Structures are given as C-alpha cells and as structure tokens.
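Numbering (this note's numbering), first residue to last: 89 to 306. Note that beta-carbon positions come from the ideal geometry of N, C-alpha and C, so glycine has one too. None of these values were measured; they are calculated from a predicted model.
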Amino acid sequence: MDLFRIFFLADFAVAKSYVEDLHASLPHTRERAYAALKSQAEAEGWDYADFSAEVADLEAQFDFNVPRILRFSFLIYLHSIVEHGLSELARDVRKRRVLALKHNEVTGSAIERTQTYLTKVAGFDLSSLTRWDVLRDLAKVRDVLVHRGGRLGSDPREREQLRQLATRRQGLLKASRGWDREDSELQISQPLCELFAAEAHTFFQELLEIVRPETHPK
C-alpha cells in the first residue's frame, strides 16, 4: 500500500466532493434562511413591504453573492493544493532519485517549473499528460481573483487571453460586462469549479502513474 499516494490524492478527492456537495446544499440553506426570515417577520409584526424587501435581499444573496464568494474561494483553494501538490511531487522525486538540483532552483511559474524539473532534470516522459492546460487555466483565473478581485483589468492582451480561456471552457466562464471592459468581472459557474476539480484530480492520478510507478499497488 502506497500511503504517499493515498494521502497525496486525498486533498484532490475531497476538493472534488466538496464543491459538488456545496452546490447541492445551497438550496436547502436558502430554504432555511427564508423560513427563519419569515418566522422573524411574523414574530415582530413586519408589514408586507418590509418583508418583501428583506426577501429580495435574501434572494440576491443566494442568487449572486453567496455563490460568487464560494466559487471564488474554492478556486483559490484548489489552486493552492495544485501548487503544493506539484512541489511535493518534485521534492519526492528529488529525494528518491538523489538529484542535486532542487525543484525551486528551476525558473518559471509553479507549473512550468515542475514540468521542466520532472522532464529535463528527472528525465520523465510526460508527453502522455494532456491536462497541463487545465492547470494553466486554473492559475490564470486564480491570478485574476487574487490580484484584481475578479476584474479583468486594463491590459487588452490579458482580457483577450481570458476570453479565449472562456471559449476553451465552453462558456463556463463569462464576463459581467463583456470582455472589452476592464471593470468587467469574471462570472464563474459551478460547472467550471467542478471541471477544474475533477481534471486536477485526474491529472495528479496520471502524473503519479509516471513518477511513482514502482509504488502502484498490484
């Protein structure tokens, strides 16, 4: 039994299940919030106008604000475990192969650095891995969320890259005011979160088959 493999993949399996369960739980959470609001209105004798205004606010929270925050937060978290996973695998490879060069001594982003290290330093053939672009797309979205609060920004080239990313992901990512406006905000769908989580999980399963084949259970 390869405990490294089990514990390593656990974060990605949990993330995949979490985002699916979270989406499923939102309608129930909304129902409970509405019931609590209705009970409060009855207990305090609110008039219809006040109650309707509070209901409208609650609906706005659950239709827009809550999903937006949860999806933003989830993708930032998912990116963090992807980066950590890449670094952890590179360190494991260095230790087992007794390599002189450290993973963090290679230049580039976390994705490019790991890809370079595993191929050019450790000598692995990673040509069968087809999901590197998924990790790059996740990193691009994460950077917009962290550095610009989800807004596209003033660089036309970056806005075009995001538009192309949305095209690749079949409309699962949209811009609130169109791709030409810098104040437009990324609109992240639930299916995009689920896609990134599932694809990251599969990517690392496939990567482990290559870099730790001798530990695979027979």
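#1: Which word fits L206, buried or exposed, when buried means at least 16 other C-beta atoms lie within 10 angstroms of its C-beta?
#2: Would you check if the segment 228-235 and the segment 247-260 touch, i.e. whether three or more CB-CB distances between them fall below 8 Å?
#3: Between the C-alpha atoms of K104 and A288, what's the straight-line distance to the nearest angstrom?
#4: Using alpha carbons as the reference points, say which of L274, T290 and S113 lies closest to V234.
#5: Would you mind stating whether I169 and D225 have Cβ atoms separated by less than 8 Å?
#6: For the alpha helix (DSSP H) that A137 lies in, which residues bound it at each end?
#7: DSSP on K190, reduced to helix/strand/coil?
#8: Is the beta carbon of T202 sitting closer than 8 Å to the one on A178?
#9: Flag this pair as yes or no: are the beta carbons of E307 and R239 separated by less than 8 Å?
#10: Where does L97 fall in DSSP's three states?
#11: Of the residues A124, A129 and T290, which one's Cα is nearest the Cα of S216?
#12: Pull up the distance between the alpha-carbon of Q90 and that of S175, whole angstroms please.
#13: Fully enclosed by the segment 223-303, which alpha helix (DSSP H) runs are 4 residues long or longer?
#14: Reducing DSSP to helix, strand and coil, say where T218 ends up.
#15: In whole angstroms, give me the CA-to-CA distance for E108 and G266.
#16: How about L166 and F292: are their beta carbons less than 8 Å apart?
#17: Looking only at its chain, what residues have a beta carbon closer than 8 Å to the beta carbon of R257, apart from the 5 residues adjacent to it on each side?
#18: Rounded to whole angstroms, what's the CA-CA distance from E119 to A254? Just pull it up for me.
#19: Taking only the alpha-carbon atoms, compute the straight-line gap between S197 and H191 and give it to the nearest angstrom.
#20: Does the beta-carbon distance from A212 to I276 come in below 8 Å?
#21: Would you be able to state if there are at least three C-beta pairs under 8 Å between the segment 118-133 and the segment 180-190?
#22: Roughly how many angstroms lie between the CA atoms of K306 and R300, to the nearest whole one?
By the coordinates alone:
#1: Along the sequence shown, read from residue 1 onward, the residue named residue 206 stands at position 118. L206 should be labelled buried.
#2: yes
#3: What you label residue 104 is simply residue 16 of the sequence shown in a count that begins at 1. What you label residue 288 is simply residue 200 of the sequence shown in a count that begins at 1. About 9 Å.
#4: Here the question's residue 234 lines up with position 146 in the sequence shown. It is L274 whose Cα lies nearest to the Cα of V234.
#5: As a working mapping, residue 169 is identified with position 81 in the sequence shown. As a working mapping, residue 225 is identified with position 137 in the sequence shown. No, Cβ-Cβ distance for I169 and D225 is not below 8 Å.
#6: Residue numbering aside, residue 137 sits at position 49 when the sequence shown is read from its first letter. Where A137 is concerned, the enclosing alpha helix (DSSP H) stretches over Y136 to A148.
#7: Walking along the sequence shown from the start, residue 190 turns up at place 102. In the structure shown, K190 sits in coil (DSSP, three-state: anything other than H, G, I, E or B).
#8: Taking the sequence shown and counting its residues from 1, the one referred to as residue 202 is at position 114. Taking the sequence shown and counting its residues from 1, the one referred to as residue 178 is at position 90. Yes, the pair counts as a contact, with Cβ atoms nearer than the cut-off.
#9: Here the chain covers residues 89 to 306 and nothing more, so residue 307 does not appear.
#10: Translated into the one-based positions of the sequence shown, residue 97 becomes position 9. Helix at L97.
#11: If you number the sequence shown from 1, residue 216 lands on position 128. S216 has its Cα closest to that of T290, out of A124, A129 and T290.
#12: By 1-based counting over the sequence shown, the position of residue 90 is 2. By 1-based counting over the sequence shown, the position of residue 175 is 87. The sequence shown places Asp at residue 90, not Gln. The straight-line gap from Cα to Cα measures roughly 19 Å.
#13: 244-256 and 278-299
#14: Here residue 218 refers to the residue found at position 130 when the sequence shown is read from its first residue. Of the three classes helix, strand and coil, the one that applies to T218 here is coil, per DSSP.
#15: As a first step, residue 108 must be located in the sequence shown, where it is residue number 20. As a first step, residue 266 must be located in the sequence shown, where it is residue number 178. Spanning the two alpha carbons is a distance of roughly 28 Å.
#16: On the sequence shown, position 78 is the one that residue 166 refers to. On the sequence shown, position 204 is the one that residue 292 refers to. Result no, Cβ atoms of L166 and F292 do not sit closer than 8 Å.
#17: Counting from one through the sequence shown, the residue named residue 257 turns up at place 169. D225, L280 and L283, listed in sequence order.
#18: What you label residue 119 is simply residue 31 of the sequence shown in a count that begins at 1. What you label residue 254 is simply residue 166 of the sequence shown in a count that begins at 1. Approximately 32 Å, taken between the alpha carbons.
#19: As a working note, residue 197 is residue 109 in the sequence shown. As a working note, residue 191 is residue 103 in the sequence shown. Taking the straight line from one Cα to the other gives about 11 Å.
#20: Numbered from 1 along the sequence shown, position 124 holds the residue referred to as residue 212. Numbered from 1 along the sequence shown, position 188 holds the residue referred to as residue 276. Here the sequence assigns Phe to residue 212, which means Ala is not the residue at that position. Not closer than 8 Å, so no.
#21: no
#22: Position 218 of the sequence shown, counted from the start, is the residue given in the question as residue 306. Position 212 of the sequence shown, counted from the start, is the residue given in the question as residue 300. With a pLDDT of 44 at K306, under the threshold of 50, the modelled position of that residue is not reliable, and the figure given next carries that caveat. In a straight line, the C-alpha of K306 is about 13 Å away from that of R300.
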